[in-house]
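Participant: Starting off with a structure, shown below.
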Amino acid sequence: MLTAQRKALLLSRLATDGRLVAAALATELGLSEDTIRRDLRDLAAEGKLLRVHGGAMPLSPTHRPLAERRDMAIGEKRRLGAAAAKLIRPGQVVLIDGGTTHAELVHALPADLRATIVTHSPTIAAALEPFPDIEVILIGGRLFRHSMVAVGVIAAEGFARLHADLCLLGVTGLHPERGLTTGDDEEAAIKRRMIAQAGETVVLATSDKLGASSPFAIAPFAAIGTLVVPKEASLDGWPDGPAILRA
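Just so we're aligned: 236 in the working numbering is position 236 of the sequence shown, and the numbers increase by one with no gaps anywhere.
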């Protein structure tokens, strides 16, 4: 089998099975594990999958510039944002992560909502300007431009001083085994801090994030209190735990 054929087969299997195990594939195809691992290394370098111990998992497609991500799955983001906006109750303190899906959530908030929203995203903070009864607390720190959010020690200390009712968290990958993941280690650390400071964590996941993985772990799947997904998304075989809200 030619190299190109092997790689195409690996990507096809990954799309179908959601995971590749190098040893099992080597036995099935009559190849050495070194050959399979070399193919996986090449595909990972091309940005087509994520290598993990013993094999590979799908790589989240959301590691793109912010301007490109704004145009991805717009319909899903609006539906998820509208559904998640209804979870916020008057008087609550809510942490809202950055990202294009959460921008849609802000647009769906009731004009007369009275709440306190804490965010490390200047974009989200600015989008809250039309809401006169929302107290906005903006957490500072080093600006991570890929997501337009503050990260680092200053941001972590800012969140540590707060306790919130809800955390609306963004991820780039959500996998039943690897849990919540993202593409930057400092951003992952801030997301862990946000989870720790809230009574419940809500994750909004568009279809392209379900079953996908990114390099840096945030938390296990069990950390989610409510998972908001597209109504057509299949979660067969996923662990029990979070409440599922379909939009």
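The C-beta atom is built at its ideal place from N, Cα and C for all residues, glycine as well. Fair warning: this is a prediction, and the values are worked out from it, not measured in the lab.
For the segment 84 to 133, list the alpha helix (DSSP H) runs that are entirely contained and at least 4 residues long, ordered along the chain.
Facilitator: Those alpha helix (DSSP H) runs which fall completely within the segment 84 to 133 and span 4+ residues are 100 to 107, 122 to 127.
Participant: Does the separation of the CB atoms of A115 and I134 fall below 7 Å?
Facilitator: Cβ atoms of A115 and I134: closer than 7 Å.
Participant: Under the three-state reduction of DSSP, which class applies to A56: helix, strand or coil?
Facilitator: Strand, per DSSP.
Participant: Just grab the DSSP bridge partners of H175 for me.
Facilitator: Answer is G179, bridged to H175.
Participant: Counting pairs of Cβ atoms below 8 Å between the segment 35 to 51 and the segment 2 to 21, do you hit three or more?
Facilitator: Flag = yes, the segment 35 to 51 and the segment 2 to 21 touch.
Participant: What do you get for A188, buried or exposed, if any count of 16 or more other CB atoms within 10 angstroms of its CB means buried?
Facilitator: Burial call: buried.
Participant: Quick one: grab the DSSP three-state call for E187.
Facilitator: The answer is helix: DSSP assigns E187 an H, G or I state.
Participant: Between G237 and A222, what straight-line distance do the alpha-carbon atoms span, to the nearest angstrom?
Facilitator: Roughly 14 Å separates the two Cα atoms.
Participant: On the three-pair Cβ rule with 8 Å, is the segment 163 to 173 touching the segment 88 to 95?
Facilitator: The segment 163 to 173 vs the segment 88 to 95: in contact.
Participant: Assuming A247 contacts P230 under a Cβ cut-off of 8 Å, what Cβ separation, rounded to an integer in Å, is found between them?
Facilitator: Indeed, because the Cβ distance is near 7 Å, the residues count as touching under 8 Å.
Participant: Name the DSSP beta bridge partners of I137, please?
Facilitator: Per DSSP, V118.
Participant: Excluding the five sequence neighbours on either side, which residues of its own chain have a C-beta within less than 8 Å of the C-beta of G81, listed in chain order?
Facilitator: Here the set comprises T101, H102, A103, E104, L105, V106, H107, A108, L204.
Participant: Is any non-hydrogen atom of the ligand NAP found closer than 6 Å to the C-beta of F159, if you look at the structure I gave you?
Facilitator: Among the components of this structure there are no ligands whatsoever, and the ligand NAP is therefore not found.
Participant: How big is the Cα-Cα spacing for G281 and T123?
Facilitator: Any property of residue 281 remains undetermined from this structure, which presents the chain solely from 1 to 247.
Participant: To the nearest angstrom, how far is it from the Cα of T226 to the Cα of D42?
Facilitator: Each residue's Cα considered, the two are about 37 Å apart.
Participant: For D34, count neighbouring Cβ atoms within 10 angstroms of its own Cβ and tell me buried if that reaches 16, exposed if not.
Facilitator: D34 comes out exposed.
Participant: With 16 other CB atoms within 10 Å as the buried threshold, where does M1 fall?
Facilitator: So M1 ends up on the exposed side.
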